[in-house]
Amino acid sequence: MAAKKTAKKTPVKLWTKAELSTLIKEYPKTDTQKLAKKLKRTLEAVRFQAKKHGLKKTKTYMQSLYKAASKTAAKKPAKNVVKKVTKTVAKKAVKKVVKKAVQKTTKKRAACKTKR
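Taking UniProt numbering, the leading residue of the sequence shown gets 1, the next gets one more, and so forth.
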């Protein structure tokens with residue numbers, strides 16, 4: 001029989017008191033990715049510990065994110081609008097091409113019928 005393959009296990013890095021205190025102080029008002037880099041932890045690990053300790057982002061922090069997102073969204077045209085315009089322009093172009101092709105074939109058919 002073949003030997004069973006064993007998966008490599010990465011050692012678990014326990015959270016120190018200093019890391020937890022930093023997390024508790026900074027999580028509510030700091031970007032989670034920046035905090036993860038600062039603590040040298042994965043984003044998932046930071047989120048898990050925050051949930052475990054009942055931490056949430058502050059209302060003012062969430063509002064600032066919303067304001068920043070709405071400012072950038074106001075500068076860019078909505079993707080849906082761009083898609084709709086592109087589709088309608090493409091449809092009109094296709095209709096023109098088809099219409100011309102149909103006109104050419106009807107002219108050719110008419111010319112063939114008159115020759116007979």
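Where is the CB? At the ideal position from N, CA and C, for every residue including glycine. Fair warning: this is a prediction, and the values are worked out from it, not measured in the lab.
Problem set entry | Alpha carbon of K56 to alpha carbon of A68, nearest angstrom | Taking the first residue of the sequence shown as position 1, residue 56 is located at position 56. Taking the first residue of the sequence shown as position 1, residue 68 is located at position 68. Taking the straight line from one Cα to the other gives about 19 Å.
For this session: Using a threshold of 8 Å, state whether the C-beta atoms of T32 and V12 are closer than that.
Result: Within the sequence shown, the letter at position 32 stands for residue 32. Within the sequence shown, the letter at position 12 stands for residue 12. Contact check for T32 against V12 fails: the beta carbons are separated by 8 Å or more.
Exercise. So, Y27 versus L20, is the Cβ gap smaller than 8 Å?
Worked result: Locating residue 27 in the sequence shown gives position 27, where the first residue counts as 1. Locating residue 20 in the sequence shown gives position 20, where the first residue counts as 1. No.
Exercise. Is it right to say L23 is buried, meaning 16 or more other beta carbons lie within 10 angstroms of its own, or is it exposed?
Worked result: Taking the first residue of the sequence shown as position 1, residue 23 is located at position 23. Classification of L23: buried, given that the 10 Å Cβ count is 16 or more.
Exercise. For K29 versus Y61, is the C-beta distance shorter than 8 Å?
Worked result: Residue mapping note: residue 29 aligns to position 29 of the sequence shown, counting from 1. Residue mapping note: residue 61 aligns to position 61 of the sequence shown, counting from 1. Going by C-beta atoms, K29 is nearer than 8 Å to Y61.
For this session: Compute the Euclidean distance between the alpha carbons of L53 and T10, then round it to the nearest angstrom.
Result: Residue 53 sits at position 53 when you count from the first residue of the sequence shown. Residue 10 sits at position 10 when you count from the first residue of the sequence shown. For the sequence presented, residue 53 should be read as His rather than Leu. Here the alpha carbons of T10 and H53 stand approximately 24 Å from one another.
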